[in-house]
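In my numbering, each residue's number is its place in the sequence shown (first place is 1) plus 414.
Every residue gets a Cβ at the ideal spot worked out from N, C-alpha and C, and that includes glycine.
Quick caveat: nothing in here was measured; it's all calculated off a predicted structure.
Please read the structure below before turning to the comments.
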Amino acid sequence: MTSRTAISVALLGALALTQCKKKDQGQDAQFQQGQSGGQYGPGPGPGPAPVGPDGGTGAPGACQPGQPCNPQPGQVPALGTVGSDPNALQAIIAGALSGGAATLGLLTGGETGQLEAGIKMKAGTDAKGKKADGQLMSAKLQQGGHAQADFTLQPGSCYTFIGFGNPGVFNYQINILTAPPMPPQVLAQSDADSVDPTVGPNEQCVKNPYPTPLAVKIDMHVLKGQGLVGAQAFKK
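Spelled out as C-alpha cells, the structure:
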C-alpha cells in the first residue's frame, strides 16, 4: 500500500468515527428530554372523590340540601314569647304536670263575674277583632299553684289568651304547653308581673304551624298571692 492510499484510508476511518459519536450524542439528549417531562401522553387523572360518612361523595358531615341539620324529634316550634332560662321553664313544666285541672264554664255563686269583666276589659285592647272561643277556664290557686285546661288550636286561626286574677292575686302567668303524647314543652308565655296576663296580643297572636289541629295545654300559674284566676281564648 502506498503512503497516499494509507492516508486516505485513515481519513475515511476518522470521519466514520465522528459520525457515530454525533449519532450517539443525539440519542442521549433525546432520552434525557423524555426523562425530564417530555410529552409522553396525558398524565394520571384526578383521584376519586372523598367518601363521606354516609357513603356519598360530598364533604364529610355535610348536610344534604333541603334537609335540617341535627333535627330535634318531637319538638314543636315556639308559638310566642318563651323565657330563655331553662331552669325556670323546667320548673313551670314540673308544676304544670303536678297541677290540677281547671274548671270550664261559669262557677255557681257568681264568682266568675269579676273574672269575666276583667278579661273583657283587657280584650278591648289586646284582642281587637277577635271573638271569645271556648269556655272560660278558671281555678282557685295558692301561691305557686298551677291548673290546666285542654285546648285545640285550629290551623289558619289567630289566637289570643287573656287572663285575670280576682283580689288576693298579685302576679299571675299563663303558659301554653304541649299536650300528651308530645314531650312536655313550653310553647308560649305571658308576662309574670301582672294580674291580667296576655299571650299573643293582637297581631302577635298564637298560630298553629301545622295543617292539622294541634292540642295544647293552657296552664294558669299564680306566682304571688292566692285566689281565683281565669283565662279565655279569643280567635279570628
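DSSP state of residue i mapped onto helix, strand, coil
{"i": "residue 626", "result": "coil"}
{"i": "residue 512", "result": "helix"}
{"i": "residue 610", "result": "coil"}
{"i": "residue 541", "result": "coil"}
{"i": "residue 648", "result": "strand"}
{"i": "residue 528", "result": "helix"}
{"i": "residue 585", "result": "strand"}
{"i": "residue 632", "result": "strand"}
{"i": "residue 551", "result": "strand"}
{"i": "residue 492", "result": "coil"}
Buried versus exposed, by CB contacts within 10 Å (16 or more), residue i
{"i": "residue 489", "result": "exposed"}
{"i": "residue 648", "result": "buried"}
{"i": "residue 531", "result": "exposed"}
Best match in the options for proximity to residue i [C-alpha to C-alpha]
{"i": "residue 525", "options": "650, 553, 614, 539", "result": "553"}
{"i": "residue 617", "options": "492, 650, 536", "result": "650"}
{"i": "residue 591", "options": "585, 603, 527, 535", "result": "603"}
{"i": "residue 595", "options": "628, 613, 538, 514", "result": "628"}
{"i": "residue 528", "options": "571, 539, 582", "result": "582"}
{"i": "residue 507", "options": "560, 521, 492", "result": "560"}
{"i": "residue 645", "options": "608, 575, 619, 593", "result": "575"}
Any non-hydrogen atom of the ligand MG within 7 Å of residue i CB
{"i": "residue 535", "result": "This structure does not include the ligand MG; it has no bound ligands of any sort."}
Cβ distance (whole Å) where residue i is taken to contact residue j below 8 Å
{"i": "residue 502", "j": "residue 631", "result": "The Cβ separation is near 17 Å, so there is no contact."}
For the structure I just gave you, are there three or more beta carbon pairs, one from the segment 618–632 and one from the segment 557–568, closer than 8 Å?
Touching, yes, given that three or more Cβ pairs across the two stretches are closer than 8 Å.
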